[in-house]
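First comes the structure, then the notes that go with it.
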């Protein structure tokens, strides 16, 4: 069996479902893997790994939600003849220090670096689509986005830019051993983004600044696990120091053209006017999808 297939983990996630058609249109053999569709793959079920890896030459790896499994998985990938891995991580992951946030992503990065595979790491900012796909959608539709985000802006990146870059690094030479810090074209605060979305939709939407403790309490009250709530609050604490507030030129470095302009997230407007899917509350724990 030849090893020329690209395995896309998290194939139903934000980046995975956009990456798949790009690879297919390039004529690349591709295998979509997830817990629910395509080839079954479950990080908590190692007996699903070998079938997913059969005949694979490259992997798009979205980290498991806990540290550790990526190293065992990549060891199996090496034994199966895989040559290349691209890891989706988060902007500035090597600057997160002692934070409890992103231990899963940092573990996946380390697993790739310590493997014999040709590795590339993608570290995007938060996705612009978080405003209309799961993460901030329900609170915006409810009329109030309540976050401990502060006044530090975020250069939100269009997920399509991330998918474009992933398709390039998975199929082209010259990206081995590189880390791409991927940002959108301009920083914007959450308050400003909320105001723009309100104007674009014609909906009364307010932004409310809260403390991390208030945010955690609201998430727990809405049904979230306390540890998960503390984890996402830790992400906003990291963002508040401004370390990932600037823009980079690395979308252009990897793809050849700069990032798409998102016009301050107003592209979210049409989607916000559609009915939302059921969610546990307006404080949905869909935050997990910011990197998937």
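Residue numbers (my numbering): 3 to 294.
Virtual Cβ for every residue (Gly too), placed ideally from N, Cα, C.
- The beta carbon of residue 5 lies closer than 8 angstroms to those of 57, 58, 59, 82, 83, 84 and 85 in the same chain, with the five residues before and after it left out.
- Residues of the same chain with a CB within less than 7 angstroms of the CB of residue 76, apart from the 5 flanking positions on each side, are 87, 113, 114, 117 and 119 in chain order.
- In this structure, the beta-carbon distance from residue 263 to residue 166 does not fall below 8 angstroms.
- Counting along the chain, residue 122 sits inside the beta strand (DSSP E) bounded by residues 120 to 126.
- Here residue 183 carries a strand assignment [DSSP, helix/strand/coil].
- Within the stretch 199 to 252, the runs of beta strand (DSSP E) at least 3 residues long that lie entirely inside it are, in chain order, 208 to 211.
- When DSSP states are grouped into helix, strand and coil, residue 170 belongs to the helix group.
- The stretch 136 to 145 and the stretch 97 to 106 do not touch, with fewer than 3 CB-CB distances between them shorter than 8 angstroms.
- Rounded to the nearest angstrom, the gap between the Cα atoms of residue 248 and residue 54 is 38 angstroms.
- In its chain, beyond the 5 residues on either side, 189, 190, 191 and 247 have a beta carbon closer than 6 angstroms to the beta carbon of residue 155.
- Residue 33 counts as buried, since no fewer than 16 other beta carbons sit within 10 angstroms of its beta carbon.
- For residue 148, the uninterrupted beta strand (DSSP E) run begins and ends at 146 to 149, by DSSP.
- Residue 129 has 159 as its beta-bridge partners, per DSSP.
- Taking the Cα of residue 64 as reference, the smallest distance to any Cα among 48, 109 and 94 is reached at 109.
- Counting every other CB atom within 10 Å of its CB across the protein chains shown gives residue 36 a total of 16 or more, marking it as buried.
- The beta carbon of residue 171 lies closer than 7 angstroms to those of 88, 122, 177 and 256 in the same chain, with the five residues before and after it left out.
- Counting along the chain, residue 90 sits inside the beta strand (DSSP E) bounded by residues 86 to 90.
- Residue 222 has its alpha-carbon roughly 27 angstroms from the corresponding atom of residue 38.
- Spatial neighbours of residue 228 in its own chain (CB-CB distance under 6 angstroms, excluding positions within 5 residues in sequence) are listed in chain order as 222.
- When DSSP states are grouped into helix, strand and coil, residue 72 belongs to the helix group.
- Its Cα nearest to that of residue 209, the residue 151 stands out among 13, 151, 90 and 48.
- A buried status is given to residue 12, since no fewer than 16 other beta-carbon atoms sit within 10 Å of its beta-carbon.
- Contact annotation: residue 45 and residue 69 have beta-carbon atoms that are not nearer than 8 angstroms.
- When the alpha-carbon of residue 149 is set against those of 180, 93, 242 and 107, the nearest one is in 242.
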